[in-house]
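*Asks:* Have a look at the structure that comes next, please.
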Amino acid sequence: MGIIEDLIAVTLSTGEPLTWKILGIIALVAIPFAAIGELIVDRMELIPQKKRK
243 MGIIEDLIAV TLSTGEPLTW KILGIIALVA IPFAAIGELI VDRMELIPQK KRK
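For reference, each letter of the sequence shown is one residue, going 243 to 295 in this note's numbering.
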């Protein structure tokens with residue numbers, strides 16, 4: 243889903259037609275950020291849970 247959103251954003255902001263090269267560049271940029279989001283950020287406990295008695 244993230245790559246589709248990035249494709250729409252690039253198309254609307256640049257006006258360039260979609261090609262396989264542009265799709266590849268978007269995938270190379272989007273996949274590492276998705277991995278970072280899933281593996282690191284989602285596992286961080288930002289708000290500590292209250293312990294139950």
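For each residue, glycine too, the CB sits at the ideal point set by N, CA and C.
Helix, strand or coil: which one does DSSP assign to R285?
*Replies:* Along the sequence shown, one-based indexing puts residue 285 at 43. Three-state DSSP puts R285 in a helix.
*Asks:* Check G257 in the structure and name its three-state DSSP category.
*Replies:* Sequence index remark: in the sequence shown, residue 257 carries index 15 (1-based). In the structure shown, G257 sits in coil (DSSP, three-state: anything other than H, G, I, E or B).
*Asks:* If you measure between the beta carbons of I268 and I245, is that distance less than 7 Å?
*Replies:* Taking the sequence shown and counting its residues from 1, the one referred to as residue 268 is at position 26. Taking the sequence shown and counting its residues from 1, the one referred to as residue 245 is at position 3. Taking 7 Å as the Cβ cut-off, I268 and I245 qualify as a contacting pair.
*Asks:* Please list, in chain order, all residues of the same chain as A276 whose beta carbon is under 8 Å from its beta carbon, the five residues on each side excluded.
*Replies:* Locating residue 276 in the sequence shown gives position 34, where the first residue counts as 1. The residues are G244.
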